[in-house]
Amino acid sequence: MSNFNRTRDRAEPKYKGLRNRGSTCYLNSVLQVLFMTKEFRDAVQRENCKNDHTNYIDAQLKSLFSGLKTGSPTTEDIIQRLGIENVRKQHDAAEYFEKMLSLASPEASKVFHGRLIHRTSCSSHVSTDERNSFWTLNLPINNTHNGVYNVEDGLKGFFSQSTLTGDNQVYCDECEAKRDTTTECEVELYPKVLVLLLKRFEFSYSEVDYVKNDCPVDVPLNIEMPKGVSYELYATVDHVGDLRGGHYTATIQPPDDGGCWYDFNDSMVTPINNFNPEKSQKGYLLFYRKTQMSDSPQENHHGSSVHPAESKTNRNNADGGYADQDMDDDVLINTSSSSSRLMDKIPMSAGRGDGTGGLEGETRRYRQFCDLPSSRYSLRVRGHGKEPKKMSVEKAYDPSDPSFKFVDRPDEIDPLQDESCRAEMSCGHAVTPGSLTGWCRSLLSQGQFKFTCPALQPDGKKCGAEWSYQEVRRFALLTAEEMDHFEKELARIVAAKFKACPGCKTYVERQALDNLCFRCTICKESGKPTMQFCWQCLRPWKGRAPRSDRCDNDKCSDKVLELLKRCDTMTLSKVPGVGPCPSVRACPTCGIKVEHDKKACKNILCPRCKEEFCFVCLKLKKKCCETSSSYTACSSGIAPRQTAIPTWN
């Protein structure tokens, strides 16, 4: 974790590391935490437990734990038991933490087993309770920009009551009307070890991909939960890098070691002095050990050996009793990232396509802990047996609406969207209201006034079919506020390409986007003198032409171009030999303004045109790398400040 003020001790470490067999740091980190979790380790090694059963992973864990004690540990058997075929491919640590718990014996896995009650109440009379088991509580990291996310505040928000009113009112079948609705959850069974997952991956519609949120996080050493249950931090799994790569390490306070902390970095184990997890940008999984037992009746459930994947969901019936159902037939609650409780039960197979190629095959679980923007709550009840009272919402298709053609295919803008109804657009691709709204918003944010389909064809090419605004408005189920935003943005963007000629007052379209000097042919056709004016300042043209920056009229300037000319300089710490270069560049392909985060190599991926180019010499990466690497100085030196913005036709 960042800002740890680590002072390394040169003494021989008392704990053993694990060899990285390629890119297995994600596995090594989790295994070290499990080994240092005394209750879990004792359960695995207990002689009277039937942990050698072939259905459990306890035998392999027991062998590894013995090796960590004697100094000859190997993860080979664990890797084989988990079905990891390519050790050079990095996976998600949280995914394999839960996978190992699902394969462990009930005696071992119950150390991490907790249970939540989700309560949804209609303002009139309908109340629905759901009981879901969990191994991790997922906390969305809200984008605080220059601020710091606080875990304690996140937990308070997690358990706070939310009220859905106004446009977010929920339709109640029992009342046959929209009602104000409250949602809340509480812990029914506190685990011995509480694991918090910081959801650092968010879906970016501008990049049509998941991106990592490196927001600094204040991690408390002690937390106080409701009902007087206290926990203390004893381990973290940290991640540096991005979604498709990077490195995992673990920071652990072993039991019975006088409160000392150690950094477990694959085969290296080093002590840490002055451990301080404040403002961590790397913390991903936080492990808290219970320090105070509650006297509440729920503690009696700790003998339970039910796996989260096997537990039952109880639903309030009209008679006050409960009807048991499998966890796979539960209530799904999806919320916007700003108020997400993220207690949706996502099937473990959720992913892009077949579950093996999702996000380049790295994980099938990112949907569970990635915030996918959504402008509406969607609450859906599914299952069999006695049908509970339903609540539906506006931002979802009505399955009985004959004006939509519903299909069984996944959402083809974002296959990780939930399992609500998908409708077929005019181009033949399936969408949900949330994904369509988000995609079209991203197009508007990039200055695009034409809505085109981003779905991939069988040949791997984008569909590119154009949708009318009327079609988008209908299929995205735009609210009044969203329509107002869309129409204002469309007007603003169109105004940049269509302007009224100062001479004839007729709206004209600019074709040569790299030339500000515009000659109006309509003036000539109407018998008036041909008007030649500046597209930027809308005054009669002065100076030479063509020009893409400005005319010679006073105060004719482009704000972005002025920024390119006057921005501060920066250095790239990872690229030796590169002197100060401008901190802001225009993409050499499409002209969009981009900035470098100064943390990695000199290449940068344009969020709009997806071309990767060198921020230093402004050549495309392929061309630049012919004479230099991503971490060495460019042979052609630093490109000067840009005096014109490239135009992407």
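The sequence shown: position 643 = 1046 (this note's numbering), numbered continuously.
Don't be surprised by glycine CBs; every beta carbon is placed ideally from N, CA and C.
- Around L540, the same chain offers L599 as residues with beta carbons nearer than 6 angstroms, after the five sequence neighbours per side are excluded.
- Residue nearest to E627 within the set G649, L558, L893 and T855 is L558 (criterion: CA-CA distance).
- Per DSSP, S565 is one residue of the beta strand (DSSP E) stretching across S565 to L567.
- The secondary-structure analysis by DSSP pairs A833 across a beta bridge with E827.
- Annotation: the stretch 916-986 contains the following complete segments of the alpha helix (DSSP H) (minimum length 4 residues), in chain order: 924-928 and 962-969.
- Each of K513, S848, C907 and R969 was checked against the Cα of W538, and the nearest Cα belongs to K513.
- By the C-beta density criterion, T477 is exposed, having fewer than 16 other C-beta atoms within 10 angstroms.
- Annotation for N431: the continuous alpha helix (DSSP H) segment containing it runs C428 to M439.
- Note: A903 is bridge-paired with Y910 in the DSSP secondary-structure output.
- Assignment of beta strand (DSSP E) within the stretch 493-539, counting only whole runs of 3 or more residues, yields 517-525 and 530-537 in chain order.
- Approximately 18 angstroms separates the beta-carbon atoms of A915 and T909; this is outside 8 angstroms, ruling out the contact.
- With a 10 Å radius around the Cβ and a threshold of 16 neighbouring Cβ atoms, R913 comes out exposed.
- V447 is the residue among T568, G470 and V447 whose C-alpha sits nearest the C-alpha of I460.
- Residue pairing by DSSP puts Y552 in a beta bridge opposite V620.
- For C1027, the uninterrupted alpha helix (DSSP H) run begins and ends at K1024 to C1027, by DSSP.
- By the 16-neighbour rule on beta-carbons within 10 angstroms, F901 is exposed.
- Between K945 and D955, the beta carbon gap of about 4 angstroms places them in contact (Cβ cut-off 8 angstroms).
- For T473, the enclosing alpha helix (DSSP H) begins and ends at D461 to T473.
- In the pairwise beta carbon analysis, the stretch 826-835 is classified as touching the stretch 870-884: at least three pairs are separated by under 8 angstroms.
- Under the Cβ criterion (8 angstroms, minimum of three pairs), the stretch 571-579 does not count as touching the stretch 462-478.
- Using a Cβ distance threshold of 9 angstroms, V978 and C1004 count as a contacting pair.
- If you draw a 10 Å sphere on the C-beta of N535, you find 16 or more other C-beta atoms in it, and that means buried.
- Look at H888 here: in three-state DSSP terms it is helix.
- Between the alpha carbons of G837 and A799 lies a distance of about 8 angstroms.
- Excluding sequence positions up to five before and after I925, its CB lies within less than 8 angstroms of the CB of C904, C907, T909 and V911, all in the same chain and listed in chain order.
- By the 16-neighbour rule on beta-carbons within 10 angstroms, A883 is exposed.
- With 16 or more other CB atoms across the displayed protein chains lying within 10 angstroms of its CB, T652 is buried.
- Non-local beta-carbon contacts of S466 in its own chain, meaning distances under 8 angstroms to residues more than five positions away in sequence, involve D480 in chain order.
- Here K685 is buried: its Cβ has 16 or more other Cβ atoms, across all protein chains shown, within 10 Å.
- Just measuring C-alpha positions, the residue of K581, P983, R444 and V554 sitting nearest C525 is K581.
- When the five nearest sequence neighbours on each side are left out, the beta carbons in the same chain lying within less than 7 angstroms of the beta carbon of C1037 are those of C1017, V1019, C1020, C1027 and S1031, in order along the chain.
- In the structure shown, P802 adopts coil according to DSSP, grouped into three states.
- Around the CB of E1029, fewer than 16 other CB atoms lie within 10 Å, so the residue is classed as exposed.
- Following the DSSP letters along the chain, one finds R582 inside the beta strand (DSSP E) bounded by residues A580 to R582.
- As DSSP reads the structure, D641 sits in a beta bridge with T652 and G686.
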